Amino acid sequence: MTYRVLSILVLTIIISACSSRPTGPITPPPESVSAISKWETSGRVGIRTQNDAVSGNFNWQKDPKTFALSIVGPFGQGATHLNQTSNGVVTLAYEDTVVTGNNPASLLQQELGWAFPVEQVTYWMRGLAYPNSVSKMTKDPERQLPNTIEQDGWLITYSNFTKVDGLSLPQKMQVSNPPFRVNLIINQWTIQ
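Taken in order, the sequence shown gives residues -19 to -1, 1 to 173; the numbers are from mature numbering (1 follows the signal peptide of the UniProt record, and there is no 0).
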């Protein structure tokens, strides 16, 4: 009887090992930070404006044509969602309001009073300067990772990096243009 139980157990392990193997092609990790085409981050965010301070959790999914950014306050209160579809339509949803447009930074400024250069931040999040304007970057001499980026009137300060699939990506950063300041602590990165 123990032989039968042992045989069933071994067969179950073999079947479960076979069924947990990935099916289909496996996407190799990007070779450089600039080669990341799709990413998702989550963590904590603190936003300070001239008249307000907001903190909570964020989740940001980005691919070449779309993005979805959610900021949710403590205990699920004060959720703000900003999305862009592949045809360029941007939707901002907060409280009981939903507005659409074609420029995410303009919608945030117009509706919430937040100066937040969304397009640039998608580069700064990865420790890269935005390629379409002049920038000044300082780097840590030993690790050759950015300490700061100055661009478009903003100062981006990096205080910690983490390794993701062999690449160094920001874990703690601040984006500021007084009186506006955003502090990000990134708990999780997923990249492709």
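In this text, a Cβ means the ideal position worked out from N, Cα and C, and glycines have one as well.
These numbers come from a predicted model, not from an experiment.
Is the separation between the beta-carbon of Ile166 and that of Thr22 shorter than 8 Å?
no
Any contact between the region 14 to 33 and the region 94 to 101? By contact I mean 3 or more CB pairs, one from each, below 8 Å.
yes
Environment of Thr61 [buried if 16+ CB atoms lie within 10 Å]
buried
Given Ser51, which residues of its chain have a CB within under 6 Å of its CB, disregarding the five upstream and five downstream residues?
Asn40, His62
Going by DSSP, what residue range makes up the alpha helix (DSSP H) through Pro99?
Per the sequence shown, residue 99 should be read as Val rather than Pro. Residues 99 to 105.
Would you say the region 64 to 83 touches the region 117 to 135, given that touching needs at least three Cβ pairs under 8 Å?
no
Quick one: complete alpha helix (DSSP H) runs, 4+ long, within the region 74 to 139?
85 to 93, 99 to 105
Among Gly24, Thr47, Pro9, Gln58, whose alpha-carbon lies nearest the alpha-carbon of Pro85?
Thr47
Nearest to Pro127 (by Cα), restricted to the options Leu89, Gly82, Asn64, Lys153:
Lys153
Simplified DSSP state of Pro55, which is helix, strand or coil:
helix
Quick one: residues in its chain with C-beta nearer than 8 Å to the C-beta of Trp170, no 5 flanking neighbours on either side, listed in chain order?
Trp20, Glu21, Thr22, Thr143, Val145, Leu150
CB of Asn83 within 8 Å of CB of Val71, strictly:
yes
Please state whether DSSP places Val14 in a helix, a strand or coil.
helix
For Thr171, report the span of its beta strand (DSSP E) as first-last.
161 to 172
Report buried or exposed for Pro98, applying the criterion of at least 16 other Cβ atoms within 10 angstroms of its Cβ.
buried
Looking at the unbroken beta strand (DSSP E) that takes in Thr22, where does it start and where does it end?
20 to 29
Tell me which residues share the same chain as Ser140 and place their Cβ nearer than 8 Å to its Cβ, disregarding the 5 neighbours each side in the sequence.
Lys153, Met154, Gln155
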